[in-house]
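Participant: In mature numbering (1 follows the signal peptide of the UniProt record, and there is no 0), the protein residues as written are -23 to -1, 1 to 581.
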Amino acid sequence: MEIQWGPNLLILLCLLSIQLVLGQYPLLDFSRPQSNGTLSPSNWTTCPGSLQTLPVSNCSCYLIDEDDLFFQCENVGWNHVQTILYHFEQSGILQEFFLYVRDFVGDMGKFAYTSAMNVTAIPGASQNDTVGLYWSGLYIDGAPEVRTIAELQWAQHLREIVLRNFPSLSAADSNVLPINLQTLVLRETAIREVDINSTLARLSNLTHLEISHSLSSLSIPSFGSDSSMAEPSFSPLHLAGIQTLILRNNSLRDLPADLLAGMSSLHSIDLSHNQLSTLPSSFFHDTFALEEVYLQNNSLSQLTSDSFHTTPYLSILDLSHNALTIPSQLINRHTRRVEIVNMRNNRIDEINEGNFAGWNSVRILNLANNTISSLRRGSFRGLHNLDMLDLSHNSISEVAAGSFEGLSSVHYIDLRSNMMRVIYAGFLEGIRLEYSGLTVDLDVSDNKIRIIEEGAANVSALSENGTHVVLHLNGNSLLCSCRNVWMGRYLSTANTSMLPVELDTGSTAMYCVDSREMMVRDITALTEDNCSVEEPRLFTTALEGIFLAGSILFLLTIVVTLAVLCISLHRRPSSSRTFYPAAYYNPDIYEPSIEIKSISTTTL
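1) Alpha carbon to alpha carbon, what distance is there between A526 and R554?
2) Tell me the DSSP secondary structure of L342 in three-state form.
3) Relative to the alpha-carbon of E165, which residue among H190, A178, I373 has its alpha-carbon at the smallest distance?
4) For Y77, which option in L110, R124, G109, R141 has the closest C-alpha, if you only look at C-alpha atoms?
5) Return the chain-ordered ranges of every alpha helix (DSSP H) run that is complete within the segment 458 to 494 and spans a minimum of 4 residues.
6) Taking the C-alpha atoms as reference points, what is the distance between M496 and L476?
7) Starting from the N-terminal side, write out each stretch of the beta strand (DSSP E) that is 3 residues or longer and does not extend beyond the segment 120 to 163.
8) Residues in its own chain within less than 7 Å of N346 by CB, not counting five upstream and five downstream?
9) In the DSSP assignment, the alpha helix (DSSP H) including E441 goes from what residue to what residue?
10) Quick check for students: name the residue ranges of the beta strand (DSSP E) that lie wholly in the segment 234 to 281, counting only runs of 3 or more.
11) Does the beta-carbon of N95 have 16 or more other beta-carbons within 10 angstroms, so that it is buried, or is it exposed?
12) Where does the unbroken beta strand (DSSP E) through M85 begin, and where does it stop?
13) If we call anything under 8 Å between Cβ atoms a contact, is D418 one with S394?
14) Exposed or buried, R409, counting other C-beta atoms within 10 Å across all chains shown (16 or more means buried)?
15) Per the contact definition of three or more C-beta pairs closer than 8 Å, is the segment 360 to 375 in contact with the segment 335 to 345?
16) Below 8 Å on the Cβ atoms is my contact criterion, and I expect G54 with F81 to pass it. Report the Cβ-Cβ distance as a whole number of Å.
17) Using the Cβ count rule (16 or more neighbours within 10 Å means buried), how would you classify T416?
18) Report back the beta-carbon spacing between Q272 and S292 to the nearest angstrom; my notes put them in contact at under 8 Å.
19) Thinking C-beta only, is P121 closer than 8 Å to L135?
20) Quick one, which of I317, A402, V376, V478 has its alpha-carbon nearest L363's?
21) Taking all protein chains shown into account, do 16 or more other C-beta atoms lie within 10 angstroms of the C-beta of residue 629, making it buried, or fewer, making it exposed?
22) Going by DSSP in three states, T312 sits in which element: helix, strand or coil?
23) For E187, list the residues DSSP reports as bridge partners.
24) Pull the bridge partners of W112 from the DSSP assignment, please.
25) Hey, could you find the ends of the beta strand (DSSP E) H361 is sitting in?
26) In this structure, how does DSSP classify residue 586 when only helix, strand and coil are distinguished?
27) Could you round the C-beta distance between G403 and G432 to whole angstroms and report it? I think they count as a contact, below 8 Å.
28) Thinking C-alpha only, which one of A377, D283, P304, D481 is nearest H311?
29) Can we say the segment 480 to 495 touches the segment 445 to 455, given the rule of at least three CB pairs closer than 8 Å?
30) CA-CA distance, T534 and F524?
31) To the nearest angstrom, report how far apart Y63 and V153 are at their CA atoms.
32) Quick check: what's the CA-CA separation for I428 versus S413?
33) Within the same chain, show all residues whose beta-carbon is closer than 6 Å to that of L236, passing over the 5 residues directly before and after it, in chain order.
34) Starting from the C-beta of S181, find all residues in its chain whose C-beta is less than 7 Å away, skip the five residues before and the five after it, and write them out in chain order.
35) Verify whether the separation of the beta carbon atoms of L294 and V315 is less than 8 Å.
36) Secondary structure at N375, three-state DSSP: helix, strand or coil?
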C-alpha cells in the first residue's frame, strides 16, 4: 500500500462520516469537558478548528477533509496520540478511524498508552474498548527518536501499520504487534536487530508485508538477544496467508532457498533494486498461486528453464536492468499464462530463431536498451499473440526480410533510436494479422534512414490480407536517391489513407535531401530524371563500419611509427663533433696566458 505524506509535520485523524459525527455524536467536540478518566481536559491547550477542536498541546490543527474528518497537526508525540485515542474512546463514535503521523516526536515506549493515561475506561484488550475495536490504521513517517514500538496488541482491529524512516528502532519483545494485523510496511527502518521470524510468526492473518530500504541480509540475529554473541540465522517465514511480499530497495545479495516455503497463497513478490546475481533453483517451489514477479535492477546474469516451472499462473515477469541474455526455454509448458515480459536494459546482443518458442501467451515484450545489432528471419517465431514489441534504443542496423514473421497479432513495433540507414526489401514481410482491417504501427523514428527500398513495404501481400501499416519516419533524412523514386509515385495516389502502408513523417508533406544541389525536395516530385544515382554514405552495416575504423587505425599506426623514426634519426649526434669537458667552460679554473717566442731568421 502506497502512502502519500504531506509536506509538514502532521497527524491525520480519520473518523468516517462527518454527518454522523455532527448530527449524532456531539461528544466528538474535544473541547467539551469529559467526566470519565483521571485526566482533566482543562489541563490541555486546545487548537481551534473550523468544525472541531483537538486537545493537543502546542499544535496547529486544521480540517483538511470535511467528508471524512481528516485533521492535520504539527509537533506530535505519543502523548498527543494517547490524548486523541482517549477522546475517541469517550466520544462513543462507532466508526473506524486511521491515524497519520509525520515527524513523530520522542519515543513510544512499551505499554505507553494504558500506563501513561492511567484510564480505567481503557483496559488493555477489553471487549468494551472502543479504540481497540475501531482503530484500523497507524501510519508514521519519520521517527528519529523512537527506540521501541508501543504495545499495540490491545488494538484488536488494527489492520494496517506503516512505519517509515525509523533510524534507531530496536525492541526487547517481539509480542508488540496486534495479532489481527493484515498489512505491515517497514520502509527506511533500522530493523537489523529484529528477528523477523519471531515477530511475524504470530501474525497468521498477515497478507501484505513490505520491508524496503532496511535490509542488507536475511540472516538476522534473534530479537532481543545479544547481537554480538548470537550467530545470524534464518528460518522460513511460514506465512501461509501472505499474498504480497515486497523486499525491494535493500542490499540483498543472496536469498535462502526456502525463504518462500509454505507461501502457497503468494500472488506477488517484489525483489527489485537489490544486488542479487542468481536465484536458488527451487526458490519458487511452494508458490503455486504466484502471478507477478519483479526482479528488475539487480545483477542477475543467468536464469534456468526451471526457475519458474512451479508457477503455472505467472502473468507478469520483470527482469529489466540486469545482465541477462535471453534465457533458453524461460517460458515453457509450465508457464503458459505469462503475458508481460520486460527485459529492458540487459545484455542481449542477438536474437536467434527459437529463442521465443513456447511464448504463445506473451502480449507485451520489452527488449529496449540492449545491444542487439541485427534481426534475422524468424527472430520472433513463437510470439503468435504478441501485441507490442519494443526494440527501441538498441544498435540495430539491419532488419532481414521475414524478421517479423509469425507476428499475427502485433499492433505496435518500436524500433526508434537505432542505427538503420536502409530499409531493405522484405522489411514488412511476414506481418500478416489474423483479422483483416487492423492497423500495425511500426515506429522507426530517430534512426539514420536514407533509403527505403521499394520491396520493403510488401504492398501486395498487405493489400491481400487487409492489414494497414503506419510506418513512422520522424527524425530521419531520406535522400533524393533513385532508390526512393517509388515513394513519390506511391504517395501521389489520390487517397493515401487507403493505402496498405502509410508513411508518416509528422508533417503533411514528405521531403528528401538532394546532396548534389544542397536542397530539399518534395519527394512526390522525385523522378528518374532528377534523382541521384548514388547516395553518399560511408557504410551501411556494422561490419563495414568496423572495417573502416580498423583501416583508419592501421594507417594512423603506420604514420606515427614513421614519424618517431624520423625524429630519432634527426637527433643522432655526429661522430666528428668535439666534446669538451665541463672544466673547459669554467672561468674559475681557466687562466689565460701569453707566451712570446723569438723567431730567428737566417739569411742564406
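Ideal Cβ positions, reconstructed from N, Cα and C, are used throughout, including at glycine.
Facilitator: On the basis of the coordinates in this document:
1) Below a pLDDT of 50, predicted positions are generally treated as unreliable, and R554, at 48, falls in that range; no measurement from the model is reported.
2) In the three-state reduction of the DSSP assignment, L342 falls in the strand class, which pools E and B.
3) That would be H190, whose Cα lies nearest to the Cα of E165.
4) Checked all of L110, R124, G109, R141; the closest Cα to Y77 is R141.
5) Counting only runs of 4 or more residues that sit fully inside the segment 458 to 494, the alpha helix (DSSP H) segments are 462 to 468, in chain order.
6) Whole-angstrom Cα-Cα distance: 29 Å.
7) 137 to 143, all fully within the segment 120 to 163.
8) R321, N322, H370.
9) From DSSP, the alpha helix (DSSP H) with E441 extends over 436 to 442.
10) Qualifying beta strand (DSSP E) stretches, in chain order: 245 to 247, 269 to 271.
11) Caution applies to N95, whose pLDDT of 37 falls short of 50 and renders its modelled position unreliable; the value that the coordinates give is listed next. So N95 ends up on the exposed side.
12) Careful: M85 lies outside any beta strand (DSSP E) and carries neither H nor E.
13) Result no, Cβ atoms of D418 and S394 do not sit closer than 8 Å.
14) The residue is buried, with at least 16 neighbouring Cβ atoms inside 10 Å.
15) Put simply, the segment 335 to 345 touches the segment 360 to 375. At least three CB pairs are less than 8 Å apart.
16) At roughly 7 Å, the Cβ-Cβ gap stays under 8 Å, so G54 and F81 are in contact.
17) Taking a 10 Å sphere around the C-beta of T416, we find fewer than 16 other C-beta atoms and assign the residue as exposed.
18) Here the sequence assigns Leu to residue 272, which means Gln is not the residue at that position. At roughly 15 Å, the Cβ-Cβ gap does not stay under 8 Å, so L272 and S292 are not in contact.
19) Result no, Cβ atoms of L135 and P121 do not sit closer than 8 Å.
20) I317 is the residue among I317, A402, V376, V478 whose C-alpha sits nearest the C-alpha of L363.
21) Nothing in the structure corresponds to residue 629, since the chain is present only between -23 and 581.
22) In the displayed model, T312 falls within coil according to three-state DSSP, outside both helix and strand.
23) Bridge partners of E187: V162, I223.
24) In the DSSP assignment, the residues bridged to W112 are F74.
25) Counted as a single uninterrupted DSSP element, the stretch harbouring H361 is not any beta strand (DSSP E), since DSSP gives it neither H nor E.
26) Residue 586 falls outside the range modelled here, since the chain spans only -23 to 581, and no answer is possible.
27) Under the criterion of beta carbons closer than 8 Å, G403 and G432 qualify as touching, at roughly 6 Å.
28) The shortest C-alpha to C-alpha distance from H311 to any of A377, D283, P304, D481 is the one to D283.
29) Flag = yes, the segment 480 to 495 and the segment 445 to 455 touch.
30) Roughly 15 Å separates the two Cα atoms.
31) Distance between Y63 and V153, taken at the CA atoms: about 20 Å.
32) Here the alpha carbon of I428 sits roughly 29 Å from the alpha carbon of S413.
33) The beta carbon of L236 lies closer than 6 Å to none in the same chain, with the five residues before and after it left out.
34) G218.
35) Yes, Cβ-Cβ distance for L294 and V315 is below 8 Å.
36) The residue you asked about is not Asn; residue 375 is Glu in the sequence shown. Note: E375 maps to strand in three-state DSSP.
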